[in-house]
Amino acid sequence: MSEAIASQPQRNIISRLWNDKETRSVIIQIIAFAAIFAFFFFMVRNAISNLESIGKDISLDFLSQPSSYDISQSLIEYSSRSTHFRAMIVGILNTLLVAVFGVILATLVGFLLGVLRLSKNWLTNRLAYVYIEYVRNVPVLLHILLLHGIIVHSLPLPKNALNLGDAAFLTNRGFFIPSPNFEPLFWVVTGLFAAGIIFSIWFSRYAHKVQDATGRHYPVFWINLGAIIVVPVLAYFILGSPITWEIPELAGFNFKGGMVVRPEFVALWIALSFYTAAFIGEIVRSGISAISWGQTEAAAALGLSRGRILNLVIIPQALRIIIPPLTSQYLNLTKNSSLAIAIGYMDIVATIGGVTLNQTGREMESMTIVLLLYLTFSLLISSFMNWYNKRIKLVER
Amino acid sequence: MTEKNYIPGEHPDLPPPSNLIGPVAWIRDNLLSSPANIIMTILSVWFLYIVIPPTLNWFFLDAAFTGEDRNACRAVADGACWAFIGERFKLFTYGFYPEEHRWRVNLSFILLIAALIPVLFDKAPFRSLGLKFAMAFPFIAGWLLVGGLGLQPVPTSQFGGFMLTLVIGITGIVFSLPIGILLALGRQSNLPIIKVFCVSFIEFIRGVPLITLLFVASTMLSYFLPPGTNFDLLLRVLIMVVLFSSGYMAEVIRGGLQAIPSGQIEAADSMGLKYWQSMRLIVLPQALKISIPGIVNTFIGLYKDTTLVIIIGLLDPLGIGRASLSDTKWTGLSTEVYIFVAIFFFISCFGMSRYSLYLENKLETGHKR
Numbered sequence: 010m011s012e013a014i015a016s017q018p019q020r021n022i023i024s025r026l027w028n029d030k031e032t033r034s035v036i037i038q039i040i041a042f043a044a045i046f047a048f049f050f051f052m053v054r055n056a057i058s059n060l061e062s063i064g065k066d067i068s069l070d071f072l073s074q075p076s077s078y079d080i081s082q083s084l085i086e087y088s089s090r091s092t093h094f095r096a097m098i099v100g101i102l103n104t105l106l107v108a109v110f111g112v113i114l115a116t117l118v119g120f121l122l123g124v125l126r127l128s129k130n131w132l133t134n135r136l137a138y139v140y141i142e143y144v145r146n147v148p149v150l151l152h153i154l155l156l157h158g159i160i161v162h163s164l165p166l167p168k169n170a171l172n173l174g175d176a177a178f179l180t181n182r183g184f185f186i187p188s189p190n191f192e193p194l195f196w197v198v199t200g201l202f203a204a205g206i207i208f209s210i211w212f213s214r215y216a217h218k219v220q221d222a223t224g225r226h227y228p229v230f231w232i233n234l235g236a237i238i239v240v241p242v243l244a245y246f247i248l249g250s251p252i253t254w255e256i257p258e259l260a261g262f263n264f265k266g267g268m269v270v271r272p273e274f275v276a277l278w279i280a281l282s283f284y285t286a287a288f289i290g291e292i293v294r295s296g297i298s299a300i301s302w303g304q305t306e307a308a309a310a311l312g313l314s315r316g317r318i319l320n321l322v323i324i325p326q327a328l329r330i331i332i333p334p335l336t337s338q339y340l341n342l343t344k345n346s347s348l349a350i351a352i353g354y355m356d357i358v359a360t361i362g363g364v365t366l367n368q369t370g371r372e373m374e375s376m377t378i379v380l381l382l383y384l385t386f387s388l389l390i391s392s393f394m395n396w397y398n399k400r401i402k403l404v405e406r
Numbered sequence: 021m022t023e024k025n026y027i028p029g030e031h032p033d034l035p036p037p038s039n040l041i042g043p044v045a046w047i048r049d050n051l052l053s054s055p056a057n058i059i060m061t062i063l064s065v066w067f068l069y070i071v072i073p074p075t076l077n078w079f080f081l082d083a084a085f086t087g088e089d090r091n092a093c094r095a096v097a098d099g100a101c102w103a104f105i106g107e108r109f110k111l112f113t114y115g116f117y118p119e120e121h122r123w124r125v126n127l128s129f130i131l132l133i134a135a136l137i138p139v140l141f142d143k144a145p146f147r148s149l150g151l152k153f154a155m156a157f158p159f160i161a162g163w164l165l166v167g168g169l170g171l172q173p174v175p176t177s178q179f180g181g182f183m184l185t186l187v188i189g190i191t192g193i194v195f196s197l198p199i200g201i202l203l204a205l206g207r208q209s210n211l212p213i214i215k216v217f218c219v220s221f222i223e224f225i226r227g228v229p230l231i232t233l234l235f236v237a238s239t240m241l242s243y244f245l246p247p248g249t250n251f252d253l254l255l256r257v258l259i260m261v262v263l264f265s266s267g268y269m270a271e272v273i274r275g276g277l278q279a280i281p282s283g284q285i286e287a288a289d290s291m292g293l294k295y296w297q298s299m300r301l302i303v304l305p306q307a308l309k310i311s312i313p314g315i316v317n318t319f320i321g322l323y324k325d326t327t328l329v330i331i332i333g334l335l336d337p338l339g340i341g342r343a344s345l346s347d348t349k350w351t352g353l354s355t356e357v358y359i360f361v362a363i364f365f366f367i368s369c370f371g372m373s374r375y376s377l378y379l380e381n382k383l384e385t386g387h388k389r
């Protein structure tokens with residue numbers, strides 16, 4: 010009896026603290042922080058004692074040791090005597106290569122699919138729909154393996170390669186294509202191309218200003234096209250085609266010369282792009298159909314032509330809806346490129362997280378590097394896209 | 021022809037002119053309405069003509085359904101060699117699960133269907149009982165498959181095939197939704213420490229590919245556990261898959277939470293509801309309803325991602341297929357294997373997306389235009 014009375018005020022304090030919103034939130038946060046801290050402390054202590062018991066330390070020295078493995082496709086000079094660090098750079102470049110090419114192809118195919126899905130033609134529409142549903146409902150790894158299997162098993166050996174106009178050869182060891190040799194005069198063409206881009210940026214702004222001030226409309230698209238494409242192409246022929254092509258030739262059991270695109274890269278690139286394109290197609294379709302029909306009618310009532318309705322009214326508004334999900338598709342493509350390891354394309358995961366990890370036994374360090382690299386990519390792409398989003402949002406009034 | 025005379029205003033409605041209805045008009049409207057449309061139709065038909073006959077040939081007409089090995093197949097037909105799939109079908113379904121215990125897998129599968137029906141359809145008979153059973157199902161199935169407590173234990177390294185896909189997929193789906201909801205609420209919370217923790221967890225998970233997390237699970241995780249603990253590989257993979265998809269789930273649900281007007285929460289507050297009550301009774305039912313398409317998409321993504329476990333050496337159907345390909349009797353049949361597995365995934369994922377459409381329509385309470 011006396012105990013119950015004694016504990017009464019104490020319980021009151023606790024319940025009063027608990028019922029006060031401010032103190033309760035402080036209490037909850039202290040508990041949460043303590044729990045998280047304890048969890049990490051537990052993990053780190055385990056890791057330290059585990060590493061000690063097998064006599065390992067944490068160091069990045071292994072990065073400067075020779076890697077002693079080969080990488081079939083590399084954008085920079087690399088041999089098995091290069092360091093693990095260089096192998097990692099090769100891996101990063103390979104990931105970036107497939108990601109950049111993949112994003113470009115996926116965007117092109119995706120927009121095409123989106124437009125086909127909106128087509129009034131029933132047959133085209135259904136075909137695009139069937140394609141999108143098939144691709145979206147099958148794992149991307151399966152697409153990659155299937156395509157790789159088809160390339161490796163169905164294409165001929167170099168001896169009887171598929172010959173495309175005596176210049177390119179398709180074989181199961183890779184696609185052999187001519188490689189360009191740039192002569193000094195070619196830099197003039199490159200310079201003109203760069204100048205064309207700068208001119209067209211300036212000209213678009215100028216034309217915009219003139220149109221705002223006077224209402225006069227320049228054919229911006231055609232003039233820019235001329236500046237960027239036609240002038241450099243003309244210069245190329247006037248200067249006497251300053252590129253020579255080195256054409257691959259069959260020598261023994263394989264091709265020599267030219268450039269080789271490995272089947273792993275082709276399989277990964279095509280599969281990733283066409284997979285992501287199905288998602289982009291749906292994004293484009295829903296983005297464009299989200300713009301109300303009244304916009305089109307209003308633009309038509311102003312007397313705009315069909316092309317200008319699309320360019321000036323529909324697409325700018327649709328892009329605002331399309332771009333955020335499009336970004337996450339680009340990110341997905343980059344992350345999915347890590348599946349390269351399944352077919353032996355040497356990307357980040359396959360080099361530093363695969364062979365290097367197995368050879369040196371540095372699980373902790375290698376995996377941390379891989380995770381940090383991917384996090385950096387993601388943060389870079391998403392911050393760029395956030396910046397872009399903000400920029401186009403400003404147009405809204 | 022005699023015309024019947026009608027009193028003015030009494031003339032019955034005439035049928036529409038024959039060129040406005042029927043298949044002919046439909047074809048004209050949908051396939052041949054303009055020159056561009058006609059070109060599209062011709063291109064599509066040409067595309068179908070190129071694609072369909074060879075595909076049909078390869079799949080059925082020129083395919084071998086029986087045979088001892090690859091050469092026997094090739095002797096009969098040039099197309100697909102389905103005999104391979106037929107011979108390995110049990111392996112594809114059960115993996116290396118011991119022959120005499122396979123009834124446990126079958127029983128779990130039947131129980132799975134029994135548990136799914138009350139969850140999926142609200143007109144199912146005995147629904148409240150069924151829902152209780154569905155809650156218990158993951159544990160019953162876990163016991164049946166792994167063994168122990170009277171059943172002979174089966175090591176998880178013998179799990180494989182479609183059964184492994186279902187185990188990983190369903191565990192992921194069951195556990196990632198509640199964790200995702202908690203993370204989403206944490207991200208919206210006004211307690212800074214909890215918010216920071218949830219945001220950094222979600223952003224980390226969404227920033228790295230699943231495969232690196234699986235690598236972490238298979239190579240690195242054992243360092244972080246007390247010395248001497250031996251953690252089952254499948255369990256480690258399951259934990260990673262659940263964490264991974266709950267990060268994505270959290271973002272989907274956050275989208276739904278943000279779409280709920282703050283008036284709803286204020287109204288709940290003024291009714292005297294506590295935080296969890298207002299979330300459970302007012303906010304979440306609305307938020308989850310909006311996010312159904314996103315949630316189902318995450319489920320489908322998770323289910324498809326189960327194939328990645330082959331890279332750390334678990335034998336899901338894709339892994340079984342690749343392992344079988346190294347058998348010299350059947351070498352070079354990768355296309356058949358991959359297409360077979362693709363059909364399995366297509367059926368499951370397409371089913372899920374159709375169900376999500378059905379659910380959206382059923383829960384639609386707004387004014388649909």
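From first to last, the protein sequence lines stand for chains A and B. Quick note on my numbering: the first sequence kicks off at 10 and runs consecutively. Quick note on my numbering: the second sequence kicks off at 21 and runs consecutively. Where a beta carbon is used, it is the ideal one built from N, C-alpha and C, also for glycine. This structure is a prediction, so every number in the text was calculated from the model and none was measured.
Taking contact to mean 3 or more Cβ pairs, one atom from each stretch, closer than 8 Å, check whether the region 160-175 of chain B and the region 126-144 of chain B are in contact. yes
Does the region 276-288 of chain B come close enough to the region 297-312 of chain B that 3 or more CB-CB pairs lie under 8 Å? yes
Cα-Cα separation between Ile-210(A) and Asn-233(A), rounded to whole angstroms: 8 Å
Between Gly-353(A) and chain B, is there a C-beta pair that is closer than 7 Å? no
Where Phe-85(B) meets chain A, residues with beta-carbon distance less than 8 Å: Per Cβ cutoff of 8 Å: no residues; Phe-85(B) is ~21 Å from chain A at best.
From the DSSP secondary-structure annotation, give me the bridge partner or partners of Cys-101(B). Ala-84(B)
DSSP state of Ile-228(A), grouped into three classes? The sequence given here places Pro at residue 228(A); Ile does not occur at that position. Reduced to three states, the DSSP call for Pro-228(A) is coil.
Can you check whether the C-beta of Phe-365(B) is within less than 7 Å of a C-beta belonging to chain A? yes
Just checking: is the beta-carbon of Lys-324(B) within a distance shorter than 7 Å of some beta-carbon in chain A? yes
Run through DSSP, which three-state label would Glu-384(B) get? coil
According to DSSP, Ser-188(A) sits in a beta bridge with which residue or residues? Glu-255(A)
Proximal residues to Arg-406(A) (C-beta, below 7 Å), its chain only, five neighbours per side dropped: Because Arg-406(A) sits at a pLDDT of 46, beneath the cut-off of 50, its placement in the model cannot be relied upon, and the following sentence gives the value as read from the coordinates. There are no such residues.
In angstroms with no decimal places, state the Cα-to-Cα distance between Asn-55(A) and Asp-336(B). 32 Å
DSSP state of Phe-146(B), grouped into three classes? coil
Go to Met-269(B), then tell me how far its alpha helix (DSSP H) extends in each direction, as first and last residue. 253-279
With 7 Å as the threshold, decide whether the Cβ of Met-376(A) is near any Cβ in chain B. yes
Near-chain A residues of the region 346-366 of chain B - C-beta to any C-beta below 9 Å: Gly-352, Leu-353, Ser-354, Thr-355, Val-357, Tyr-358, Ile-359, Val-361, Ala-362, Ile-363, Phe-365 and Phe-366
Go through its chain and collect everything with a Cβ distance to Ala-351(A)'s Cβ below 7 Å, but skip five positions before and after it. Leu-150, Ile-153 and Leu-154
C-alpha distance - Ala-97(B) paired with Arg-90(B), whole-angstrom precision: 11 Å
Cutting at 6 Å between CB atoms, please list the residues of its own chain near Arg-226(B), excluding the five before and the five after it. Gly-267
Could you check the C-alpha separation between Pro-138(B) and Ile-318(A) for me, to the nearest Å? 51 Å
Closest by CA to Met-60(B), which one among Ala-216(A), Leu-248(A), Leu-136(A) and Ile-85(A)? Leu-136(A)
DSSP on Ala-299(A), reduced to helix/strand/coil? coil
I want to verify the contact list: residues of chain A whose CB lies under 9 Å from the CB of Phe-224(B), in sequence order. Leu-380 and Leu-384
Just the Cα atoms here: how many angstroms apart are Glu-374(A) and Ser-220(B)? 21 Å
First and last residue of the alpha helix (DSSP H) that includes Val-270(A)? Run containing Val-270(A): none in the alpha helix (DSSP H); it sits in the beta strand (DSSP E), 268-270.
From Lys-24(B) to Val-44(B), what does the alpha carbon distance come to, in whole angstroms? 30 Å
Taking Cβ-Cβ distances shorter than 7 Å, what residues in chain A pair up with Thr-327(B)? Pro-148, Leu-150 and Leu-151
Taking all protein chains shown into account, do 16 or more other C-beta atoms lie within 10 angstroms of the C-beta of Leu-76(B), making it buried, or fewer, making it exposed? exposed
For Phe-112(B), count neighbouring Cβ atoms within 10 angstroms of its own Cβ and tell me buried if that reaches 16, exposed if not. buried
Report yes or no: is there a C-beta of chain B within less than 7 Å of the C-beta of Gly-362(A)? yes
Just the chain B side, please: which residues come within less than 7 Å of Glu-142(A) by C-beta, in chain order? Phe-370
With 7 Å as the threshold, decide whether the Cβ of Gly-100(A) is near any Cβ in chain B. no
Please classify Lys-265(A) as buried or exposed, where buried requires at least 16 other C-beta atoms within 10 Å of its C-beta. exposed
DSSP state of Thr-92(A), grouped into three classes? strand
Going along chain B in order, which residues have a C-beta closer than 8 Å to the C-beta of Gly-158(A)? Ser-354, Thr-355 and Tyr-358
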